[in-house]
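Engineer: In this text, residue positions in the sequence shown follow my numbering: the first is 35, and each later residue adds one.
Structure incoming, see below.
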Amino acid sequence: MTQSDQEQIEDLQMRIAFLEQNLDELNEIVTSQQTQMAMMERAMKYLSSRLEQVSPANIRSPEDETPPPHY
């Protein structure tokens, strides 16, 4: 049993409308995630700079430390 041309056109139009709706929803999600990522990047840079300010300068780096006696 075959569909008439009109039924096929209507089916294709419904599919296109569904795909356009999905595209709009996905675009909103991506835009929201991009905004969140930008906020997290700014927060990470801020926390990194604060950590550098707070970390004591008298602690040696791991490369400068001598290994423990059990090595």
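Just so you know, even glycine gets a beta-carbon here, dropped at the ideal spot from N, CA and C.
Note that this is a predicted model, so its numbers are computed, not measured.
For serine 66, report the span of its alpha helix (DSSP H) as first-last.
Structural biologist: Here the alpha helix (DSSP H) through serine 66 covers 39-88.
Engineer: Below 6 Å CB to CB, which residues in the same chain sit around serine 66 once its five sequence neighbours on both sides are set aside?
Structural biologist: Cβ neighbours of serine 66 beyond the five flanking positions: none.
Engineer: To the nearest angstrom, how far is it from the Cα of aspartate 58 to the Cα of phenylalanine 52?
Structural biologist: Going by the C-alpha atoms only, they are around 10 Å apart.
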